[in-house]
Structures are given as structure tokens and as C-alpha cells.
């Protein structure tokens, strides 16, 4: 299982994938908002989205697992 983590603390602004979706390395899967800036979070590997740990509006800390891939 591969994990995609938050690169910084912020609020989940957009979730761009759903469970079961195929993603490619470099594809943006979530957009965080922090200090009025949008921060894209990209998949580091290709795979299938197994689970999404947070929803739009949730606050996340740096290092939190946002999405798992299989």
C-alpha cells in the first residue's frame, strides 16, 4: 500500500479523486488551502485509490496520510 501525505498543514479544499479511481504518478489528487494559497498534493506513484482519509473542509497536519493507493 502506498500513502500520499500532506506536505504542510492546511484545510482540504478539493478532493479530485474517488475510491477506485486509477491515478498516475504526478497527478494532483487533493488540493489544500493554507494562508490563502492553494497547495496541490500529487500522487508519487501510479495506482488505484484504496481510501480517502479526509473530506473537503477537514483540517490536516503536515505528514497526515490523505490517500492510500494499492
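In the numbering used here, the protein residues as written are 25 to 94. Where is the CB? At the ideal position from N, CA and C, for every residue including glycine.
Could you check the C-alpha separation between residue i and residue j for me, to the nearest Å?
i	j	result
residue 47	residue 27	13 Å
residue 32	residue 71	23 Å
residue 52	residue 61	16 Å
residue 86	residue 67	16 Å
residue 45	residue 88	21 Å
residue 25	residue 80	23 Å
residue 65	residue 75	15 Å
Could you check whether residue j and residue i sit closer than 9 Å to each other, using their CB atoms as the reference points?
i	j	result
residue 90	residue 77	yes
residue 13	residue 82	What the structure shows of the chain is the stretch from 25 to 94, and residue 13 is not part of that stretch, so it cannot be assessed.
residue 73	residue 43	yes
Comparing C-alpha positions only, which one of the options sits nearest to residue i?
i	options	result
residue 49	39, 41, 69	69
residue 30	45, 56, 38, 39	56
residue 59	43, 34, 25	34
Assuming the contact rule is C-beta atoms closer than 8 Å, residue i and residue j should be a hit. Round their C-beta distance to whole Å, please.
i	j	result
residue 38	residue 54	7 Å
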